[in-house]
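Chemist: The structure follows.
Protein chains: 2
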Amino acid sequence: MKRVYNFNPGPATLPLEVLQEAQAEFLNFDNSGMSIIEISHRSKPYDKVHNQTKADILELMNLGDDYDVLFIQGGASLQFAMIPLNFATKANPGSYALSGTFSSNAYREAEILGVGEVAASTKDENFRRVPAQSELKISPSAAYFHICNNNTIYGTEYHYVPETGGVPLFADMSSDMLSRPWDFKKFALIYAGVQKNLGPAGVVIVVAQKKLIEKSLDTLPTMLRYDTFYKKNSLYNTPPAFSIYMVGKVAAWIKNQGGLAEMAKRNARKAELLYSAIDSSDGFYRGHADKDSRSFMNVTFRLPSEELEKKFVAEALENNLSGVKGHRSVGGMRASIYNAMSIEGVEVLASFMDKFRRSNS
Amino acid sequence: MKRVYNFNPGPATLPLEVLQEAQAEFLNFDNSGMSIIEISHRSKPYDKVHNQTKADILELMNLGDDYDVLFIQGGASLQFAMIPLNFATKANPGSYALSGTFSSNAYREAEILGVGEVAASTKDENFRRVPAQSELKISPSAAYFHICNNNTIYGTEYHYVPETGGVPLFADMSSDMLSRPWDFKKFALIYAGVQKNLGPAGVVIVVAQKKLIEKSLDTLPTMLRYDTFYKKNSLYNTPPAFSIYMVGKVAAWIKNQGGLAEMAKRNARKAELLYSAIDSSDGFYRGHADKDSRSFMNVTFRLPSEELEKKFVAEALENNLSGVKGHRSVGGMRASIYNAMSIEGVEVLASFMDKFRRSNS
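Protein chains in written order, with the numbering used here: chain A, 1 to 361; chain B, 1 to 361.
Set out below in structure tokens:
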């Protein structure tokens, strides 16, 4: 069977064992005589999947009973709107650190509602780094402080948890959710579109303090209120069951592999392989991110010319390395090396980078 | 392999051939070396799926270039809010016919925003029928007139297309989309959560006149504006690719079977089998819906006692007939007989009904 090394930023590679398991039971889930996509969301077999997935996520994040997990559709982009709609006002605006495309998009939704403020921005440096703690100007009256924890397009990641002076900390972790242990208790609300590190596009995981989501404004549409999802265990209407089921399988896979500590170890090793290939290339490869903001999930780099970049993409593909073309905002290359990308796959890419450099410098 | 006859109202049974096809290519879609759930939504193989699915839906509905198909997450419940947010004002409210649970929920979202009015309601008759044309009081200033075309819970369906006096006609067709030819051109906007008749939960299909969705209010959050989806071909952010892919396969299956005319023929035959079993039961089975509002998709009926109803559900299951328990709002039984339910499956149920009646009257 043909399988490529898939370095796409999302939708992205998933563990082969997980795909095989889903394939094997696709026509008859849990001996129900139905596919997982045909089974009622009010049935016991689905209920088990739903609740086990929630429990595994909390366990992996080492969070207790004061947090809940919600499953919401619409992508992180809908969260960009739900967050200010639920929490921000003109008197208590949402405060945003702009460190890339998605944090800027999140801020824009608060701006549309007239309830956003900027705490820091690295836009003038083409988002080569995340803001430092000392640069954050968070109003004490802010309803929350929002960051994007890992910037998929620019290849940067927070290596510290911001201190907010008591303002609730919110984070978009779409591209590094469950990739490393972290002090998640310092966050009031974390969300992630699952299609990068955790499963098929179609669901966002929201992990939030219960006290924050147990009551929403009555003036909001039902499906935009966090308490609709909280009170009904994300079953107010039919949930995106297949995506949740796959996320459950991926979470179980992470647990079986050794949890977030093991993921972090592998991800650090993979990142090291690629950053070494960049740093030891005598300037042939130039990393986009500042060294102390480098992402463990998305490695961005340029080559000496756009012509060579095109050649790199084409030859990589011939070597079974797919999805290495970068986003137009940065140009060049991007290798996304989420949990499910094997060390072997990254070794093949690093060795290809080395060979390509020697043939073309 | 174990397969049951699945009469659940949604998520619901899907064509076995379609499931088998998806299973066979689950690890390597279109020879890409990736699963359909791992492949980029900006890639050519996905693009083909996305656009072919749109084209097939328009073709099946016999709609031309003045309509577009959008893929939106959040379920029909989010459409209940997006519709008044995009189209209704206090001066030009949305007008609603209340014929069951979901049309009432749709109206409630307009009510939350203070922009809804009721054109007709059959609530006092426990929604045994849809309103007649003569009962509809639609304000000439209404922004739209909204119906739920088929009422899954009560087992009723519109057998006529309402005349609105020029007010744009909107319809929730979640439970009868693509089940029969219809005069779709009379509708300005049609939407359907796909998990009943068309695929796995996780996407809503919106079929709308382009002139209606090409420009939305700038004050709305990006993901709640129809023009965001229209202008970006539903690819503003990562779409729920797996659900769309499966809907595409189901649409192709419908075309191959003979299109909506053939679906209507089969669905009429299936409905006839069950309604005959009810009507010829000497009152043992009592249909909930008035005869001229009977649904071709969901057949609702009661038995002489709740004890017998429990027994019916249990014995049906022993006969491989799953999901026949009705919704608590009606009680009794409900058999959902969407496109993918075979005539054979319905024959087994009808014959079981007959046998059960004879053993228990």
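Think of the CB as a built atom: it goes at the ideal place given N, C-alpha and C, for glycine as much as any other residue.
Name the residue from B:GLY165, B:LEU113, B:GLY114 whose alpha carbon lies nearest to the alpha carbon of B:LEU136.
Modeler: B:GLY165
Chemist: Please classify A:LEU217 as buried or exposed, where buried requires at least 16 neighbouring CB atoms within 10 angstroms.
Modeler: Result: exposed.
Chemist: With 16 as the cutoff for other CB atoms within 10 Å, does B:SER336 come out buried or exposed?
Modeler: Around the Cβ of B:SER336, a 10 Å sphere holds 16 or more other Cβ atoms; the residue is buried.
Chemist: Quick check: what's the CA-CA separation for B:ILE72 versus B:VAL330?
Modeler: 30 Å
Chemist: Could you work out which residues of chain A lie near B:THR219, taking near to mean beta carbons separated by less than 9 Å?
Modeler: For B:THR219, the neighbours in chain A by C-beta distance under 9 Å run, in chain order, ILE112, LEU113.
Chemist: Grouping DSSP H, G and I as helix and E and B as strand, with all else coil, what is B:TYR230?
Modeler: Note: B:TYR230 maps to helix in three-state DSSP.
Chemist: Would you mind giving the Cβ-Cβ distance between A:ILE323 and A:ASN6, rounded to the nearest angstrom? I have them listed as a contact below 8 Å.
Modeler: This sequence places Gly at residue 323 of chain A; Ile is not what is there. Sure, about 6 Å apart at Cβ, within 8 Å.
Chemist: DSSP has B:LYS325 in a bridge; who is on the other side?
Modeler: B:LYS325 is bridged by DSSP to B:MET333.
Chemist: Against chain A, does B:ILE153 count as a neighbour if the rule is that its beta carbon must be under 8 Å from one of theirs?
Modeler: no
Chemist: Starting from B:ASN150, follow its DSSP beta bridges and name the residues at the other end.
Modeler: B:GLU157
Chemist: Could you check how far apart the C-beta atoms of A:MET297 and A:PHE184 are, in whole angstroms? I think they sit under 8 Å.
Modeler: Contact doesn't hold; Cβ gap of about 17 Å is too wide.
Chemist: Please list, in chain order, the residues of the region 7–18 of chain A that have any C-beta partner in chain B closer than 9 Å.
Modeler: ASN8, PRO9, GLY10, PRO11, ALA12, THR13, LEU14, LEU16
Chemist: Looking at chain B, is there any beta carbon in it that lies within less than 8 Å of the beta carbon of A:HIS146?
Modeler: no
Chemist: Give the secondary structure of A:GLU25 by DSSP, where H, G and I count as helix, E and B as strand, and everything else as coil.
Modeler: Three-state result, A:GLU25: coil.
Chemist: Fully enclosed by the region 236–265 of chain B, which beta strand (DSSP E) runs are 3 residues long or longer?
Modeler: none
Chemist: When the cut-off is 8 Å and only beta carbons count, does B:ASN237 lie next to chain A?
Modeler: yes
Chemist: Can you round the beta-carbon distance between B:SER99 and B:ASN151 to whole angstroms, since I take them to be within the 8 Å contact cut?
Modeler: Right, their Cβ atoms sit about 6 Å apart.
Chemist: Give a yes or no on whether the C-beta atoms belonging to A:LEU198 and A:MET223 are separated by under 8 Å.
Modeler: no
Chemist: Grab me the residues of B:GLU214's own chain with a C-beta within less than 7 Å of its C-beta, minus the 5 sequence neighbours each way, in chain order.
Modeler: Counting only Cβ-Cβ distances below 7 Å, and skipping sequence neighbours, we find ASP227, TYR230.
Chemist: Look at the alpha carbon of B:VAL348 and the alpha carbon of B:GLU272, and state the distance between them as a whole number of angstroms.
Modeler: 14 Å
Chemist: At a Cβ cut of 9 Å, what residues of the region 26–38 of chain B count as close to chain A, listed as they run along the chain?
Modeler: Listed in sequence order: PHE26, LEU27, ASN28, ASN31, SER32, GLY33, MET34, SER35, ILE36, ILE37, GLU38.
Chemist: Which bits of chain A does B:ARG3 rub up against, with CB to CB less than 9 Å?
Modeler: Those are LEU27, ASN28, GLY33, MET34, listed as they occur along chain A.
Chemist: Assess contact between the region 300–313 of chain B and the region 157–175 of chain B, defined as three or more Cβ pairs (one per stretch) separated by less than 8 Å. Is contact present?
Modeler: Not touching, per the Cβ criterion.
Chemist: Are the C-beta atoms of A:THR122 and some chain B residue less than 8 Å apart?
Modeler: Not closer than 8 Å to any Cβ of chain B, the Cβ of A:THR122 fails to qualify, so no.
Chemist: Counting Cβ pairs closer than 8 Å, one from the region 281–290 of chain A and one from the region 235–250 of chain A, do we hit at least three?
Modeler: no
Chemist: Beta carbons nearer than 8 Å to chain A: which residues of the region 229–263 of chain B have them?
Modeler: Those would be TYR236, ASN237, THR238, PRO239, PRO240, ALA241, PHE242, SER243, MET246, in chain order.
Chemist: What is the DSSP secondary structure of A:ARG294, counted as helix, strand or coil?
Modeler: strand
Chemist: Closer than 8 Å, CB to CB, is A:ASP78 near chain B or not?
Modeler: Residue identity check: residue 78 of chain A is Leu in the sequence provided, not Asp. Yes, A:LEU78 counts as interfacial toward chain B.
Chemist: Under DSSP, the alpha helix (DSSP H) around A:VAL167 begins and ends at which residues?
Modeler: Segment: none, A:VAL167 is in no alpha helix (DSSP H) and carries neither H nor E.
Chemist: If A:GLU315 sits next to A:PHE356, beta carbons under 8 Å apart, how far is it from one beta carbon to the other, in whole angstroms?
Modeler: 6 Å
Chemist: Determine, using beta carbons only, whether A:GLU109 comes closer than 8 Å to chain B.
Modeler: yes
Chemist: Going by DSSP, what residue range makes up the beta strand (DSSP E) through B:GLN209?
Modeler: 204–209
Chemist: Closer than 7 Å to a non-hydrogen atom of the ligand ZN - does that hold for the CB of A:TYR107?
Modeler: This structure lacks the ligand ZN, and indeed carries no ligand of any kind.
Chemist: Taking the continuous beta strand (DSSP E) assigned at B:VAL69, which residues delimit it?
Modeler: Boundaries of the beta strand (DSSP E) around B:VAL69: 67–72.
Chemist: Give the DSSP bridge partners of A:VAL299, in chain order.
Modeler: A:ALA335
Chemist: Against chain B, which members of the region 192–205 of chain A pass a CB distance test of less than 8 Å?
Modeler: Of all residues in the region 192–205 of chain A, only GLY193, GLN195, GLY199, PRO200, ALA201, GLY202, VAL203 come within less than 8 Å of chain B when Cβ atoms are compared, listed by chain position.
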